[in-house]
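Working notes, beginning with the structure itself.
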Amino acid sequence: MNDEFTNEAEELLQDRVTMTRRQAIKVTALTGAAIAAAQFGVLAAGLPKPLPIPANTANASMPAPADIAPQLMAVELQINGKAHSLTLDTRTTLLDTLRESLGLTGTKKGCDHGQCGACTVLIDGRRANACLALAVMLDGTEITTIEGLSKGDQLHPMQQAFLTHDGFQCGYCTPGQICSSVGMLNEAAAGMHSHVTSDLSLTQVTLTDDEIRERMSGNLCRCSAYPNIVNAIREVSKATSGVQS
Amino acid sequence: MKSFTYERPSTLSAAVQSAQRPGAKFIAGGTNLLDLMKLQIEAPIHLIDISRLGMNTIERTADGGLRIGAMVRNSDLAQDAQVRTNYGVLSRALLSGASGQLRNLATTGGNLLQRTRCSYFYDLSRPCNKRAPGSGCSALGGFNRMNAILGVGGSGAEAPKAGARRAIYASLFIRLIWRWRCARLTQKWKRSEPKASRG
Numbered sequence: 359m360n361d362e363f364t365n366e367a368e369e370l371l372q373d374r375v376t377m378t379r380r381q382a383i384k385v386t387a388l389t390g391a392a393i394a395a396a397q398f399g400v401l402a403a404g405l406p407k408p409l410p411i412p413a414n415t416a417n418a419s420m421p422a423p424a425d426i427a428p429q430l431m432a433v434e435l436q437i438n439g440k441a442h443s444l445t446l447d448t449r450t451t452l453l454d455t456l457r458e459s460l461g462l463t464g465t466k467k468g469c470d471h472g473q474c475g476a477c478t479v480l481i482d483g484r485r486a487n488a489c490l491a492l493a494v495m496l497d498g499t500e501i502t503t504i505e506g507l508s509k510g511d512q513l514h515p516m517q518q519a520f521l522t523h524d525g526f527q528c529g530y531c532t533p534g535q536i537c538s539s540v541g542m543l544n545e546a547a548a549g550m551h552s553h554v555t556s557d558l559s560l561t562q563v564t565l566t567d568d569e570i571r572e573r574m575s576g577n578l579c580r581c582s583a584y585p586n587i588v589n590a591i592r593e594v595s596k597a598t599s600g601v602q603s
Numbered sequence: 029m030k031s032f033t034y035e036r037p038s039t040l041s042a043a044v045q046s047a048q049r050p051g052a053k054f055i056a057g058g059t060n061l062l063d064l065m066k067l068q069i070e071a072p073i074h075l076i077d078i079s080r081l082g083m084n085t086i087e088r089t090a091d092g093g094l095r096i097g098a099m100v101r102n103s104d105l106a107q108d109a110q111v112r113t114n115y116g117v118l119s120r121a122l123l124s125g126a127s128g129q130l131r132n133l134a135t136t137g138g139n140l141l142q143r144t145r146c147s148y149f150y151d152l153s154r155p156c157n158k159r160a161p162g163s164g165c166s167a168l169g170g171f172n173r174m175n176a177i178l179g180v181g182g183s184g185a186e187a188p189k190a191g192a193r194r195a196i197y198a199s200l201f202i203r204l205i206w207r208w209r210c211a212r213l214t215q216k217w218k219r220s221e222p223k224a225s226r227g
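Encoded structure:
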């Protein structure tokens, strides 16, 4: 076990000239894990066993068919204008496909339960949580991730606005915030109202700060960069719609 | 998550046929089912994708009602001109639930079939009548300030049809009232919040 860790760490270290931040973190983590595993091996024998789950709480409302082997399926995904033919376990979410199979690590995994919005991408132009979408279900749809918003070195106006207004601190939620705000502006342009829109009969939406906050409430920021996020979105919203708020 | 086979039938009748398979479940938006599958509270071995079978229109009926397709997305239903004009409370209720991202995925049919939000249903180490009928209700003597109905046992499959239908109507009604109340409370809270602390 320890040898495996250190071998992988050494392999990664040999490439250190071209090492990315992601690889550097991996090397550090693997080295730490190897040391911890060595120490833990001595102590593990004395640890108490985890509590067993009571037998009567198992899920009896469903018939319990025997577990089946992992199922692989061919999937065609259109991501950022490029077609990808993949063979995936049916259980793979879009989020894991992007990050693990395609190396598109801009989309972040936060809660993995649709609550934090860090994994927000655009599916056929509409914002959605990539963690709650199965890749096999998205055959033939157009998916846009944070990597697909810029045109080469030219940033998307929303990306630029987040930089200009310092709309982040640690940056982990930022790709989700940006994809979500792009989708949100499309929704507002289409006249979709929100929970704080006072008049349901209005077909034109004015994006006040309250509207922006409510519509972006599916994206959490643990650093609480919200004021600057609202500033960034307000700027792009005014520039694209000309609506004064 | 447990392994499952996946199928996207091209007709409604094929989908209904597939649903006879043991351990089969329909999936559309997936926002509730996938969440539960990740926690292994649900563990279907066959998923039938019905998201591309139509059933996504909102039509006026002859008697002046509205017929909402099971595959209509929450966001589309909330924005529908007829719903906005004549069923404002439905539009408001939808928009006060979940997030923009989730409303884009979630469907009307899935919303009605959503499983309980009780925290004990999600806690596999505690008895729950909804998850394992007959095992008991942990909410009765536990932390239950978020719960509206307590101690209801059994599953829909065991209840007579009319009873199940009544339960669905009741739960929909309670959900609507609950969302409306939440919305009112949120507005109250927003109004009473000092301006300076707003993010």
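Chains A and B, in that order, give the protein sequences. In the working numbering, each residue's number is its place in the first sequence (first place is 1) plus 358. In the working numbering, each residue's number is its place in the second sequence (first place is 1) plus 28. Note that the Cβ used here is the ideal one computed from N, Cα and C, for glycine as well.
### Task
Taking only the alpha-carbon atoms, compute the straight-line gap between residue 505 (chain A) and residue 462 (chain A) and give it to the nearest angstrom.
When the Cα atoms are used, residue 505 (chain A) and residue 462 (chain A) turn out to be separated by approximately 7 Å.
### Task
Buried or exposed for residue 596 (chain A), please, with buried defined as at least 16 other CB atoms from any protein chain shown within 10 angstroms of its CB.
exposed
### Query
So with Cβ pairs under 9 Å, would you call residue 169 (chain B) a contact of chain A?
no
### Query
residue 500 (chain A) by DSSP, collapsed to three states: which one?
strand
### Message
Please report the distance separating the alpha-carbon of residue 152 (chain B) from that of residue 69 (chain B).
### Response
7 Å
### Query
residue 651 (chain A) lies in the beta strand (DSSP E); which residues open and close that run?
Residue 651 (chain A) falls outside the range modelled here, since chain A spans only 359 to 603, and no answer is possible.
### Query
Taking Cβ positions, are residue 63 (chain B) and residue 472 (chain A) nearer each other than 9 Å?
yes
### Task
Go to residue 587 (chain A), then tell me how far its alpha helix (DSSP H) extends in each direction, as first and last residue.
584-599
#### Entry: Buried/exposed call for residue 569 (chain A), threshold 16 Cβ in 10 Å
buried
### Query
Which residues in the same chain as residue 83 (chain B) place their Cβ atom closer than 6 Å to its Cβ, once the five residues preceding and following it in sequence are excluded?
97, 98 and 99
### Message
Which of the three DSSP states is assigned to residue 470 (chain A) in this structure?
### Response
coil
### Message
By alpha-carbon positions, which one of A:382, A:393, A:426 and A:384 ends up nearest to residue 52 (chain B)?
### Response
A:426
### Query
Going along chain B in order, which residues have a C-beta closer than 7 Å to the C-beta of residue 490 (chain A)?
Proximity of chain B to residue 490 (chain A) at the Cβ level (cut-off 7 Å) is accounted for by 58, 59, 62, 63 and 133, in chain order.
### Message
Less than 9 Å between the C-beta atoms of residue 73 (chain B) and residue 135 (chain B), yes or no?
### Response
Result no, Cβ atoms of residue 73 (chain B) and residue 135 (chain B) do not sit closer than 9 Å.
### Message
If we require 3 or more residues per run, which beta strand (DSSP E) segments fall completely within the region 89-172 of chain B?
### Response
Fully enclosed beta strand (DSSP E) runs of 3 or longer: 94-96.
### Task
Using a Cβ cut-off of 9 Å (strictly closer), state whether residue 516 (chain A) contacts chain B.
no
### Message
Is there a Cβ of chain A sitting closer than 9 Å to that of residue 99 (chain B), yes or no?
### Response
no
### Task
Grab the span of the beta strand (DSSP E) containing residue 33 (chain B) for me, first residue to last.
33-35
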